[in-house]
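Okay, so here's the structure we're looking at.
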Amino acid sequence: MCIFSDDMIALRGKYYAQSQPIFCTRLIFLGLSFIKDIVLDLPWIAVSIGSSSCKGIFGRGWYSLKNTVLLLLLGFLGMSMVAPVAAIERENVLLLVDFSYSMHKPVSRTSKLSKMAVVRNAFHQLLATMPKETSLALRAFAFSASDVKSEACQASALWVPFDDSNRHEISRLITTTKPLGHATPIAYALSRARDDLSTVAGHRKIILLSDGLENCQQDPLPIAKELAAQGIQIDTIAVGEDTPSAQLGEIALEGGGSFHFATSTATLLKALGVKSSADRQRSSAQQKKPAPSARKGSTPSPATGLVKVISLPDKAVQKPRKSKPARTTPVLYMEVVLDASGSMAGKLEGRSKMIWAKEALNTTLESIDEQTIAMALRAYGFDQSLPKTASTSCPNTELLVPFSGPVKARIRTASRLLQPYGYTPIAESLRLAGQDLLPYRKKHPHILLISDGKETCQGDPVAVVKALRAQGIEVRVHVIGFDLDDAARKQLKAVAVAGGGQFVDVR
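Mind the numbering: the sequence shown is residues 1088 to 1594 in this note's numbering, read in order.
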């Protein structure tokens, strides 16, 4: 936990005297349990700010408002799962591994390796490179071959308790245990993992590896949410090309963690934040051999040390072969609704709120894996060809970039052209965003509204969100508010509450 105050900074329960000035703009991150690395070397920080200001210099950089959207969005994208934590507290990682029968199947159409073989190969290298200070534990689930459903659905056991010297035992059990289970009790396993971590001090994390869905008539999402509320992060890895990804992605979303696909040893190692042995050998060879253009005494090209992660061959004697990447469908669909009304021209710390909003959006786009998250962009209030009156400006809400495959470049271009101008039709924009998401209503639809004010077109945004959910569009609505007055804050927070999402107030 990182708490800013006038004379004290608290990091994960330890207090440090403030040695750097804090310039305050009040930021309130509601309901965010864990937030990805901002500009500090702290991979996981929960932020709760209640003083009258909060833009701080501490660590080695200024916190930037442009990261606000990134902090709100799925922090599980593109980050290392097992990166060492700054020396603030002990790192505790619980490995939660699926031993169901389906784990014996091939990891992909082009590989002869089973999913479990890939897990074993990756764990062998992970355990060899894991920092000694990290305390590990192994909990297995879905290992029961019993045909009795009630018994199979309670098949979860802590095989290796937390310790920093148990790598060999973890490796032995993963190597020798055959996947035999007839049920996949993910929810039950998470509930038992919660018990394992309840008495552990320090930073606590679960890495869940599975190739299936919960099939024991339980819902793992409330448990994931409860774990996150207790400060326990859940990272999930879908092992196998044919693995249904939506539920595992949603568990990571609720658990404040990361989600990855793994279809080879190399991609699993990448998800775990570990270089494969082939990558390390290649990197070492490249470091020994200077770049062709490098002169004696000069700095080698930055590209020299970069290694491209590739799929390992099925057998060591095989030559590398090209294969088409596995096709995946997004875990969720998110439509960004961007306020381009006239009030967004107002200044916040010397820059227009529109500039802050665009930078936040661009930062988000840099971190989005479009195989995991599909995005679209809607904006309102931007059309300067219209008279600035309610009758003409209130209908000005437009889907600028629809859901249609890779759209990052198009969203950047469209948002760059927006200039603040007209009215604020939030309700109508949310209604239309809901219609945009209608084809994806079963695909975890989300709306992210970025605005600096309340509805000015006589609509009721809260009623609209409730109506969408009543229509069976189970959309979650998140709101980021810039420099809100009391009335706008009350309304936009109510929108987020009605939409079951997060509300962030930046001022």
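By construction, the Cβ of each residue, glycine as well, lies at the ideal position given by its N, Cα and C atoms.
Annotation: valine 1552 to glutamine 1320 spans about 29 angstroms, alpha carbon to alpha carbon.
Under the three-state reduction of DSSP, methionine 1462 is assigned to strand. Comparing alpha carbon positions, the residue from Leu1300, Ser1258, Gln1304, Leu1314 closest to aspartate 1283 is Leu1314. Contact between glutamine 1506 and alanine 1444 is absent: CB atoms are separated by about 12 angstroms, not below the 8 angstroms threshold. By the neighbour-count criterion, in which 16 or more other beta carbons inside 10 Å mark a residue as buried, aspartate 1470 falls on the buried side. Here serine 1332 is buried: its Cβ has 16 or more other Cβ atoms, across all protein chains shown, within 10 Å. For the set Tyr1467, Arg1503, Leu1267, Tyr1420, the Cα lying nearest the Cα of alanine 1232 is the one of Leu1267. For the pair glycine 1468 and alanine 1349, the Cα-to-Cα distance works out to about 43 angstroms. Distance from the CA of serine 1345 to the CA of histidine 1290, rounded to the nearest whole angstrom, comes to 16 angstroms. Between alanine 1575 and serine 1538, the gap from beta carbon to beta carbon is short of 9 angstroms. Under the three-state reduction of DSSP output, tyrosine 1275 falls in the helix class. Selection Glu1436, Ser1430, Gly1492, Met1203 evaluated against threonine 1416 yields Gly1492 as nearest (Cα-Cα).
Excluding the 5 residues flanking it on each side, lysine 1219 has same chain C-beta neighbours closer than 7 angstroms at Asp1251, in chain order. In the DSSP assignment, alanine 1349 is bridged to Val1326. Residue pairing by DSSP places phenylalanine 1469 opposite no residue, since no beta bridge is assigned to it. Boundaries of the alpha helix (DSSP H) harbouring asparagine 1208: 1202-1216, taken from the DSSP string. The Cβ neighbour count for threonine 1500, taken over all protein chains shown within 10 Å, is under 16; the residue is labelled exposed. At the C-beta level, glycine 1336 and leucine 1419 come within 9 angstroms of one another. With contacts defined by Cβ atoms closer than 9 angstroms, threonine 1271 and glutamate 1301 form a contacting pair.
Runs of the alpha helix (DSSP H) lying entirely within the stretch 1539-1583 and spanning at least 4 residues, in chain order: 1548-1557.
Measuring C-alpha to C-alpha distances from leucine 1355 to each of Asp1570, Phe1228, Arg1207 identifies Arg1207 as the nearest. With respect to the C-alpha of leucine 1225, the residue from Met1217, Pro1193, Val1180 having the closest C-alpha is Val1180. Taking 9 angstroms as the cut-off, the Cβ atoms of isoleucine 1293 and leucine 1277 count as close. Selection Ala1204, Val1184, Leu1182, Leu1183 evaluated against lysine 1192 yields Ala1204 as nearest (Cα-Cα). For alanine 1583, same chain residues with a beta-carbon under 7 angstroms away, outside a window of 5 residues either side, are Val1564, His1565, Val1566, Gln1589, Phe1590 in chain order.
In this structure, DSSP gives isoleucine 1442 a helical state, which the three-state scheme calls helix.
Assignment of histidine 1531 by DSSP, reduced to helix, strand and coil, places it in the coil class. When the alpha-carbon of aspartate 1306 is set against those of Cys1240, Gly1343, Thr1286, Ile1257, the nearest one is in Cys1240. Shown here, serine 1297 sits in a strand according to DSSP, grouped into three states.
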